[in-house]
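Numbered by our numbering, the letters in the sequence shown go through residues 55 to 419 in order. A virtual CB, placed ideally from N, CA and C, is assigned to each residue, including glycine. For reference, the structure is listed below as structure tokens.
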Amino acid sequence: MWDLLPTELCSKILGFVELKDLFITRAISWRWRHLSERQIFHHIRDYNIASIVRFANETSYVQIKLYATSYDDKNGVITFQPPHIDEYRRLVLATRRAGLLSTLHPKFMTILFEGWSKSESTLAYPYPGKLTEKEQDLFRFHSDYNYALERALELPSWDKFGPHIVGDHDHILSFAYSSSIIKEQRGTSLISPHIHLPGSTFASFRWLKVSLSWLATGLGSTVTQTPTGQIYSSRYRALSNELAKHGCFKYDISSEPVLRYIVDEDTQKFEELLGYVRTHGFETRLSKLQQALPAIGVDARMIWKYPFAKAFVTGSGLLLSEDDVIRGIEGGEQECRALLQSVSKRRICQQAIKQQRERRRMEQW
Numbered sequence: 055m056w057d058l059l060p061t062e063l064c065s066k067i068l069g070f071v072e073l074k075d076l077f078i079t080r081a082i083s084w085r086w087r088h089l090s091e092r093q094i095f096h097h098i099r100d101y102n103i104a105s106i107v108r109f110a111n112e113t114s115y116v117q118i119k120l121y122a123t124s125y126d127d128k129n130g131v132i133t134f135q136p137p138h139i140d141e142y143r144r145l146v147l148a149t150r151r152a153g154l155l156s157t158l159h160p161k162f163m164t165i166l167f168e169g170w171s172k173s174e175s176t177l178a179y180p181y182p183g184k185l186t187e188k189e190q191d192l193f194r195f196h197s198d199y200n201y202a203l204e205r206a207l208e209l210p211s212w213d214k215f216g217p218h219i220v221g222d223h224d225h226i227l228s229f230a231y232s233s234s235i236i237k238e239q240r241g242t243s244l245i246s247p248h249i250h251l252p253g254s255t256f257a258s259f260r261w262l263k264v265s266l267s268w269l270a271t272g273l274g275s276t277v278t279q280t281p282t283g284q285i286y287s288s289r290y291r292a293l294s295n296e297l298a299k300h301g302c303f304k305y306d307i308s309s310e311p312v313l314r315y316i317v318d319e320d321t322q323k324f325e326e327l328l329g330y331v332r333t334h335g336f337e338t339r340l341s342k343l344q345q346a347l348p349a350i351g352v353d354a355r356m357i358w359k360y361p362f363a364k365a366f367v368t369g370s371g372l373l374l375s376e377d378d379v380i381r382g383i384e385g386g387e388q389e390c391r392a393l394l395q396s397v398s399k400r401r402i403c404q405q406a407i408k409q410q411r412e413r414r415r416m417e418q419w
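Below is the structure:
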């Protein structure tokens, strides 16, 4: 019956649906999927729900908000951009005062969405009461984990001025580093009375492209428990097929040359990208883990669940090796699966006992 309604009426109905529920209505049919995805973009744009790019260190952080401006219906990608005001388009990442350079950001940044709520529990159901305190803490640790809220993106060195593209399999960010120039008086030399030094370092933002599945993942497991879809999946498939024809079956999908090729950021030819893929492997700690974990049956998104893995990726876990991290994550996931199976069996037993008691009560009546 719902498929018989006019498109205009369906769109009007979806206008009253909350953002979280719009992701659920995508499962009704292909027609409602198309209408719901279009309405998701309109909801985000009309209510000015922003994506937040945040640079943080131990003591402070700076951030910028980007707002939805367009929707790619074919690829299911929403583009966010900063307001068209210069002071809102860039962030100060480092500044030089009295000859001392003060940096304001680490090697990583996070990208969040205002429609997410970290305080909202992502538990699809409460754990049974007959668990030890340790088991309850472990169950909540694994069940409350939300990949989208914990993940970080590695940044190029801030002194590499010019445009950059960073991203992961479900979102891509375009920005550029720039620097102001200051002059310092050094002595009374007539040949070089002034020395030019870099002043403040800025990050200027152009756009952020995200997949709808990235937005859904941050809303919690009550919305979706399916694997996160890859942004521009058709383009990646075409690229993988072309590389396979030349004997290249593995490549870092998050490397900057690959991301530029995917988003058509420049006129880079396929031959140039092929040369890069042949000479560059998985160079970062994160990309190496993302490549190694699926080979042992572990979802690569679990990297950000474990503090020791985060420390290794961000460079603060200096005493850890790659093998240590892989074994630790594998052991943690095995423990998680065993606990969830135990909880499931206990829940089934509790339901069976409850049904048996209900039958006995009915027989007594």
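{"query": "Give the single residue among LEU166, ALA81 and ARG92 whose Cα lies nearest to the Cα of ILE118.", "result": "LEU166"}
{"query": "So for ILE82, helix, strand or coil by DSSP?", "result": "coil"}
{"query": "For the pair the stretch 221-236 and the stretch 381-398, tell me if three or more CB-CB distances fall below 8 Å.", "result": "no"}
{"query": "Tell me the DSSP bridge mates of GLY221?", "result": "ILE226"}
{"query": "For PHE134, does the count of other Cβ atoms within 10 angstroms reach 16, so buried, or fall short, so exposed?", "result": "buried"}
{"query": "For VAL116 versus PHE259, is the C-beta spacing smaller than 9 Å?", "result": "no"}
{"query": "Is DSSP giving LEU203 helix, strand or coil here?", "result": "helix"}
{"query": "Could you check what DSSP says for ILE94 in three-state terms: helix, strand or coil?", "result": "helix"}
{"query": "Suppose you measure from the CA of ASN129 to the CA of LEU269; what does that come to, to the nearest Å?", "result": "14 Å"}
{"query": "Helix, strand or coil for GLY216? Go by DSSP, reduced to three states.", "result": "strand"}
{"query": "In the structure shown, what three-state DSSP assignment does GLN117 receive?", "result": "strand"}
{"query": "Buried or exposed: ILE407, going by 16 or more other Cβ atoms within 10 Å of its Cβ?", "result": "exposed"}
{"query": "Report yes if the CB atom of SER341 is closer than 9 Å to the CB atom of ASP306, and no otherwise.", "result": "yes"}
{"query": "For TRP84, count neighbouring C-beta atoms within 10 Å of its own C-beta (all shown protein chains included) and say buried if the count is 16 or more, exposed if not.", "result": "exposed"}
{"query": "CB-CB under 6 Å to THR164, same chain, minus the five flanking residues each way: which ones, in chain order?", "result": "ARG108 and ALA206"}
{"query": "Three-state secondary structure (DSSP) at GLN190?", "result": "helix"}
{"query": "Under a three-way DSSP split, which group does TRP261 fall into?", "result": "strand"}
{"query": "If we count the other Cβ atoms within 10 Å of its Cβ and call it buried at 16 or more, is THR61 buried or exposed?", "result": "exposed"}
{"query": "Around the Cβ of ALA122, are there at least 16 other Cβ atoms within 10 angstroms (buried) or fewer (exposed)?", "result": "buried"}
{"query": "Leaving out five residues before and five after ARG80 in sequence, what residues of the same chain have Cβ atoms less than 6 Å from its Cβ?", "result": "ARG87 and SER90"}
{"query": "Among residues of its own chain, excluding the 5 on either side of HIS225, which ones have a beta-carbon nearer than 6 Å to its beta-carbon?", "result": "VAL264 and TRP268"}
{"query": "Taking 9 Å as the cut-off, decide whether the C-beta atoms of ILE94 and LEU266 are in contact.", "result": "yes"}
{"query": "Which same chain residues end up closer than 8 Å to VAL223 when comparing Cβ atoms and leaving out the 5 residues on each side of it in sequence?", "result": "Checking the sequence shown, residue 223 turns out to be His, not Val. For HIS223, where only same-chain residues beyond five positions count, the Cβ hits under 8 Å are THR282, GLN284, ILE285, ILE307 and SER308."}
{"query": "Below 8 Å, how does it come out for the stretch 324-339 and the stretch 286-305: are there three or more Cβ pairs, yes or no?", "result": "yes"}
{"query": "Shortest alpha-carbon distance to GLY385 belongs to which of LYS399, LYS359 and PHE215?", "result": "LYS359"}
{"query": "GLN345 lies in the beta strand (DSSP E); which residues open and close that run?", "result": "Per DSSP, GLN345 belongs to no beta strand (DSSP E); it is in the alpha helix (DSSP H), 339-346."}
{"query": "Taking the alpha helix (DSSP H) that GLN409 belongs to, which residues open and close that run?", "result": "376-418"}
{"query": "Check the DSSP bridge columns for TYR305 and list the partner residues they point to.", "result": "Its beta-bridge partners do not exist; DSSP assigns none."}
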